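Each remark here refers to the structure printed beneath this line.
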Amino acid sequence: ACEALDSKRAKAARAISAEAGDGKAAQMESEIGEGEGLVRQAQQEYEQIKERTNREVPRFQEEVSGDLRSLLLSFVQLQADVAKKEHSLWSQVQPRVDVEAKTR
């Protein structure tokens, strides 16, 4: 939008310097005004988006951090449960393995 506005300003300056009496200069001034309005509107929209993003990023990071913490705790608990089951199974199987090893 800024480049288009700069281009219109340059054309208007050339038209004014050429003293075009056919209303071209007035039309270009009008287009420049419209372009400046579009630039201001785009800047306001950008600022709104930037502010919203700056508010949302910390909330999102906290949410993700909580989810990750919960996921890791669940993983650790599952690993502990599996280790307990493996220990129980080996405790039951170990005497048989010992007997087999002695008979060989």
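Numbering-wise, the sequence shown is residues 401 to 504 according to this note's numbering. Beta carbons: idealized from backbone N, C-alpha and C, even for Gly. As the structure is a computational prediction, the values presented were derived from the model and not from experiment.
With fewer than 16 neighbouring CB atoms inside 10 Å of its own CB, K484 falls in the exposed class. Excluding residues up to 5 positions away in sequence, nothing lies with its Cβ nearer than 8 Å to the Cβ of I449 in the same chain. Per DSSP, reduced to three states, the secondary structure at R504 is coil, with no helix or strand assignment. When DSSP states are grouped into helix, strand and coil, G433 belongs to the helix group.
Under the three-state reduction of DSSP, G423 is assigned to coil, being neither helix nor strand. It is roughly 11 Å from the alpha-carbon of R440 to the alpha-carbon of G433. With fewer than 16 neighbouring CB atoms inside 10 Å of its own CB, K502 falls in the exposed class. Ranked by how close their Cα comes to the Cα of A425, the residues Q479, P495 and R409 have R409 in first place. In the structure shown, A401 adopts coil according to DSSP, grouped into three states. H487 has its alpha-carbon roughly 13 Å from the corresponding atom of P495. Cβ-Cβ distances below 7 Å link A404 to G435 in the same chain, with the five nearest sequence neighbours on each side left out; the list follows chain order.
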